[in-house]
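Asks:
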Amino acid sequence: MEINSLANISTDYEVIFHAELAKFVSSKRWANERSKLLSSIRLHVADRDIDALKSFLRDEREKCLKGFQANSQFYILEKCFDDQLGSFDVIKFFQKLIVVNEGELDSAELEDFFIYHCLTNTIDHLLAQAFDWEARQKSATISADNIVIVNGEIIIQKSKKQQEEESVVGEELDNIIFNYRIFDTDSKLTKLRDIIAASINMGEDNGKLVQPEKEQINPNTKNEWYYIFKAIDEAGIVISRKFKDSTFIEQMISWFPWLFQFDSAEEMNVYKRNWQKSISHERSLWRSKGNVTQIKDMWANYKNLNLERDKVVRMNAIAKGLLRKLSDYRSEIFMSQM
5 MEINSLANIS
15 TDYEVIFHAE
25 LAKFVSSKRW
35 ANERSKLLSS
45 IRLHVADRDI
55 DALKSFLRDE
65 REKCLKGFQA
75 NSQFYILEKC
85 FDDQLGSFDV
95 IKFFQKLIVV
105 NEGELDSAEL
115 EDFFIYHCLT
125 NTIDHLLAQA
135 FDWEARQKSA
145 TISADNIVIV
155 NGEIIIQKSK
165 KQQEEESVVG
175 EELDNIIFNY
185 RIFDTDSKLT
195 KLRDIIAASI
205 NMGEDNGKLV
215 QPEKEQINPN
225 TKNEWYYIFK
235 AIDEAGIVIS
245 RKFKDSTFIE
255 QMISWFPWLF
265 QFDSAEEMNV
275 YKRNWQKSIS
285 HERSLWRSKG
295 NVTQIKDMWA
305 NYKNLNLERD
315 KVVRMNAIAK
325 GLLRKLSDYR
335 SEIFMSQM
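Listed below in structure tokens is the structure:
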């Protein structure tokens with residue numbers, strides 16, 4: 005894989021990193037690694053033995069580290085520890101890796117890092133879940149059936165009888181476009197992700213993250229994503245300079261990777277270019293006298309723009325409903341900070 009072409013276009017290594025990470029978590033290789041970890045847990049950990057689970061996860065994390073230490077990239081990662089964050093700065097690492105390799109990275113080399121990065125994050129979150137599970141229940145039990153893959157991530161469920169209300173566990177949610185000052189904790193980002201997810205039809209996974217809205221976009225119909233974009237834009241929750249069609253797409257792929265499958269970098273790039281064109285085209289349909297129609301005016305203005313009534317009824321309901329929920333959540337956060 006050559007990152008050189010990307011690096012020449014943009015020096016925003018954070019955007020490049022998230023794009024490459026999103027591509028990896030959508031790959032068959034990561035699906036296989038994730039399934040291997042789950043199979044190993046079920047093979048080596050006895051039902052209802054939390055101590056054995058914690059011990060196994062610690063051992064697996066140590067194996068990941070030792071395996072990655074043999075890789076030349078480990079020495080670069082060691083130099084990227086951030087004392088203030090108390091963790092490794094993966095964006096800084098990625099930038100150094102590109103510079104060291106003069107803008108070119110071998111796909112296998114990059115894959116090795118992402119396997120280490122994603123596996124250790126998954127293990128860390130499973131450990132945190134196990135400790136939390138243990139702390140909240142006097143007679144905590146975790147059976148093999150509790151540990152499952154949901155929406156592409158390994159989680160520990162409360163029980164089969166309870167509704168799945170927990171957040172997806174695995175890679176921590178990436179924030180590419182949203183205002184860091186508003187969404188300054190993982191829990192806030194998770195709730196934001198879930199609010200948006202309710203307006204997207206997840207197919208067989210619909211309702212697993214959150215109660216779905218009555219009307220939802222079809223994620224395979226690329227132009228319908230415009231109404232998600234528009235609601236997010238009008239809610240005033242993004243960093244304006246970072247919010248573009250391209251970065252919106254990167255954010256959606258990062259947060260909902262199970263909706264997209266790419267067998268190659270080229271296939272992914274073609275898909276994203278077509279997606280971007282579809283969003284841009286849908287926006288142009290709402291343009292009048294040089295201005296783009298606001299969500300509150302869509303219903304009043306659609307006849308002037310010769311748009312199909314049935315489509316507008318559905319899309320306006322989706323956009324208006326999502327905008328209301330996002331605006332309410334933004335106000336809720338502000339009120340809690342007063």
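Position 179 (the sequence shown) corresponds to 183 in our numbering; numbering is contiguous. Even glycine gets a Cβ: it sits at the ideal position worked out from N, Cα and C.
1. Grab me the residues of Q166's own chain with a C-beta within less than 8 Å of its C-beta, minus the 5 sequence neighbours each way, in chain order.
2. Suppose you measure from the CA of S292 to the CA of L309; what does that come to, to the nearest Å?
3. Tell me, which residues are paired with D182 by DSSP?
4. How big is the Cα-Cα spacing for Y17 and A23?
5. Specify the secondary structure class of S351 as computed by DSSP and reduced to three states.
6. Does the stretch 322 to 336 come close enough to the stretch 251 to 262 that 3 or more CB-CB pairs lie under 8 Å?
7. Give me the Cα-Cα distance between L130 and Q77, rounded to the nearest whole angstrom.
8. If you check the beta carbons only, do R313 and I241 fall under 7 Å apart?
9. Hey, quick one: how far does the alpha helix (DSSP H) through L47 stretch, first residue to last?
10. Let me check understanding here. Comparing Cα to Cα, which of N125, I221, N205 and Y275 lies closest to M319?
11. Would A239 and S340 be called neighbours here (beta carbons separated by less than 7 Å)?
12. Have a look at the DSSP bridge pairing and note the partners of I221.
13. Return the residue from the list R185, N183 and P223 that minimises the CA-CA distance to A201.
14. Fully enclosed by the stretch 68 to 135, which alpha helix (DSSP H) runs are 4 residues long or longer?
15. Check the C-beta distance from L101 over to I80 and give it rounded, since I have them as a contact under 8 Å.
16. At what residues does the alpha helix (DSSP H) containing S340 begin and finish?
17. Run through DSSP, which three-state label would Y306 get?
Replies: Inspection of the coordinates gives the following:
1. For the purposes of this step, residue 166 is identified with residue 162 of the sequence shown, where counting begins at 1. Residue placement at Q166 is poorly supported in this model, since its pLDDT is 39, which falls under 50; the coordinates are not used for a value here.
2. The residue you call residue 292 lines up with position 288 of the sequence shown. The residue you call residue 309 lines up with position 305 of the sequence shown. If I take the Cα positions, the gap works out to 8 Å.
3. Start at 1 with the first residue of the sequence shown, and residue 182 comes out as number 178. It should be pointed out that residue 182 corresponds to Phe in this sequence rather than to Asp. According to DSSP, F182 bridges with V242.
4. Position 13 of the sequence shown, counting from 1, holds the residue named residue 17. Position 19 of the sequence shown, counting from 1, holds the residue named residue 23. Distance between the alpha carbons of Y17 and A23: 10 Å.
5. Coverage of the chain is limited to positions 5 through 342, which leaves residue 351 absent and any answer about it impossible.
6. no
7. Reading the sequence shown from its first residue, position 126 is the one you call residue 130. Reading the sequence shown from its first residue, position 73 is the one you call residue 77. For L130 and Q77, the distance between alpha carbons rounds to 26 Å.
8. Taking the sequence shown and counting its residues from 1, one reaches residue 313 at position 309. Taking the sequence shown and counting its residues from 1, one reaches residue 241 at position 237. Taking 7 Å as the Cβ cut-off, R313 and I241 do not qualify as a contacting pair.
9. Indexing the sequence shown from 1 puts residue 47 at position 43. Unbroken alpha helix (DSSP H) run through L47: K32 to H48.
10. For the purposes of this step, residue 319 is identified with residue 315 of the sequence shown, where counting begins at 1. Ranking N125, I221, N205 and Y275 by Cα distance to M319 puts I221 first.
11. For the purposes of this step, residue 239 is taken as residue 235 along the sequence shown, with counting starting at 1. For the purposes of this step, residue 340 is taken as residue 336 along the sequence shown, with counting starting at 1. No, Cβ-Cβ distance for A239 and S340 is not below 7 Å.
12. As a working note, residue 221 is residue 217 in the sequence shown. DSSP output for I221 lists I204 as bridge partner(s).
13. Sequence index remark: in the sequence shown, residue 201 carries index 197 (1-based). The closest CA to that of A201, considering only R185, N183 and P223, is found on P223.
14. 77 to 82 and 94 to 104
15. Here residue 101 refers to the residue found at position 97 when the sequence shown is read from its first residue. Here residue 80 refers to the residue found at position 76 when the sequence shown is read from its first residue. The pair is a contact, with the Cβ atoms about 6 Å apart (cut-off 8 Å).
16. Indexing the sequence shown from 1 puts residue 340 at position 336. Its alpha helix (DSSP H) spans residues R313 to S340.
17. Within the sequence shown, residue 306 is the residue found at index 302, counting from 1. Of the three classes helix, strand and coil, the one that applies to Y306 here is coil, per DSSP.
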